[in-house]
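Residue numbers (the numbering used here), protein chains in the order written: chain U, 495 to 605; chain X, -8 to 104.
Just so you know, even glycine gets a beta-carbon here, dropped at the ideal spot from N, CA and C.
Take a look at the structure set out below.
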Amino acid sequence: GENVEQHPSTLSVQEGDSAVIKCTYSDSASNYFPWYKQELGKRPQLIIDIRSNVGEKKDQRIAVTLNKTAKHFSLHITETQPEDSAVYFCAAIPYGNKLVFGAGTILRVKS
Amino acid sequence: ETGVTQTPRHLVMGMTNKKSLKCEQHLGHNAMYWYKQSAKKPLELMFVYNFKEQTENNSVPSRFSPECPNSSHLFLHLHTLQPEDSALYLCASSQEMGDSPLHFGNGTRLTVT
C-alpha cells in the first residue's frame, strides 16, 4: 500500500520568508497529490493539488512541484504571512484507491 | 458554510454509553468518509461510502458502526468506547471516490471518560 512521509514536522519562518514542505510517497502508481491546510480548531481545507501529468502548479503565493522519478512533491509558500500559520497535510492516492495522508507539518510564521 | 455539516461539535461520553455522530452534505457528492484525527498522527481513514455502499472498512473496531441511509447523510454509531478513542472525528465528502478533492466538516471532538 501507499506510504507518505512528510518533513519537517514543525517549521518556523519569519514573516516574508519562504516556507517549503516536502513529502515522499512509495507507490509509483499514485497520480493525485493534494495539500490541505488546517488552522487551529478548524477543518482541513484543500489549498492546492497536482496530478501526475504536470510537474508544477501555482496559485498566487502557493506552488506545488512534483518529481515523479524521485517520488516526492513539495509545497512552496512565498512571502509568508501570519495567517499562513497552520498545520499542512500532504496526501497521495494511487489510481482508484483512497487518499493516504502525511503526518502533517506545523508551520509558524513569526511577525 | 462548509457544505459539510457535522453534529455535535463536542461530545463527552462514558465507556458504557451509546451515541451517534451525524454528517450531512449538500454538495451533491457521491462519496462520503469518516476520518479519525489524533494528536501527532496522520489522518486515519475509517470508512468510505460510495453511492451509499460501504467500500472501505479500515480494520476499525466493531464498537464503531457506520450508517449511510442516503448519499447526503452519514452516521457513526458509537458504543462501549475506550479512552484511546478520544479524538477529532472528521466527516468528508468528494464528488467521486478517488482523485477528487475532499470537503471536510468541522469535526466532532470526542472525549471518552
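Taking a 10 Å sphere around the C-beta of asparagine 591 of chain U, we find 16 or more other C-beta atoms and assign the residue as buried. Taking C-beta separations shorter than 7 Å and ignoring five residues to either side along the sequence, the partners of glycine 549 of chain U in its chain run Thr559 and Leu560, following chain order.
Taking methionine 23 of chain X as the centre and dropping the five residues before and after it, the same chain places the C-beta of Tyr40, Leu65 and Ser84 closer than 6 Å to its C-beta, in chain order. Identification of chain X residues near isoleucine 587 of chain U by a Cβ-Cβ cut-off of 8 Å yields Gly89 and Asp90, ordered along the chain.
Looking from the CA of glutamine 73 of chain X, the closest CA among X:Glu87, X:Thr(-2), X:Asn49 and X:Lys9 belongs to X:Lys9. Taking the Cβ atoms as the reference, proline 528 of chain U lies roughly 6 Å from proline 92 of chain X, within the contact range of under 8 Å. Along the stretch 509 to 534 of chain U, going in chain order, the ones with a CB nearer than 8 Å to a CB of chain X are Asn525, Tyr526, Pro528 and Tyr530. Using beta-carbon distances, phenylalanine 95 of chain X counts as an interface residue toward chain U, with a partner under 9 Å. With a cutoff of 9 Å on beta-carbon distance, threonine 574 of chain U and valine 498 of chain U are scored as not near each other. Interface with chain U (9 Å Cβ-Cβ cutoff): leucine 34 of chain X is included. From the beta-carbon of glycine 98 of chain X, the residues of chain U found nearer than 7 Å are Arg537. Just so you know, the alpha carbons of leucine 534 of chain U and leucine 601 of chain U end up roughly 11 Å apart. Between glycine 549 of chain U and chain X, the shortest Cβ-Cβ separation is not below 9 Å.
Residue nearest to arginine 545 of chain U within the set U:Arg555, U:Ala523 and U:Arg537 is U:Ala523 (criterion: CA-CA distance). The DSSP-derived three-state label of glutamate 533 of chain U is coil. Remark: C-beta atoms of cysteine 517 of chain U and alanine 586 of chain U approach each other more closely than 9 Å.
Legend: CB atoms of the stretch 568 to 597 of chain U lying less than 9 Å from CB atoms of chain X belong to residues Phe583, Ala585, Ile587, Tyr589, Gly590, Asn591, Lys592, Leu593, Val594, Phe595, Gly596 and Ala597. If you check each beta-carbon in the stretch 54 to 72 of chain X against every beta-carbon of chain U, none falls closer than 8 Å. Cβ-Cβ distances below 7 Å link valine 103 of chain X to Met4, Met6, Leu72, Gln73, Pro74, Asp76 and Ser77 in the same chain, with the five nearest sequence neighbours on each side left out; the list follows chain order.
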